[in-house]
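Going by this note's numbering, the residue at position 32 of the sequence shown is 24; the numbering climbs one at a time, nothing skipped. Below: the structure, in structure tokens.
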Amino acid sequence: MEVEEEERCSPHDHVDRCVPESFFDRVTQGLRDDLEHERDRRLQLADTALKHRPEFAFAQLENERALTSLRDELRVARGIVDRSRDEITALQTLVGAHHREHKALCEMLEREGVLHRKKQRTDGTA
């Protein structure tokens, strides 16, 4: 029968009239099978999503708690660093003040003749 249909088709006939009807049936059936397969796949994915939704929600909640905890730790650590910087600055200021005071006291004692510093030699020996 396909031979007869092919013989009746002329080059000027429309393409869909020259294609055997069984071809359209096969293509239609293939599309129906694909559609059914995709529908089944979608249902499987939906079932999987519903099945794992509580686990996902719990994991997400744990991640959010961990993130909040890490942010809190970071905030505390930054506070400690800021306080440490302030302490370092205060200590540097105190060291500078003590150095100036020590120098002034040494100069005063030298002027009073109480403290005699070794004079540095110009030849570089001790």
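Heads up, the beta-carbon is just placed ideally off N, CA and C, and yes, glycines get one too.
Inter-residue CB distance, residue i and residue j (contact presumed, cutoff 8 Å)
i: Cys98; j: Leu86; result: Not really, about 18 Å apart at Cβ, beyond 8 Å.
i: Arg109; j: Glu102; result: 6 Å
Local conformation of residue i per DSSP, three classes
i: His91; result: helix
i: Val19; result: helix
i: Arg103; result: helix
i: Arg109; result: coil
i: Pro12; result: coil
Entirely enclosed beta strand (DSSP E) segments - the segment 23 to 75, minimum 3 residues: Listed in chain order, there is nothing to give.
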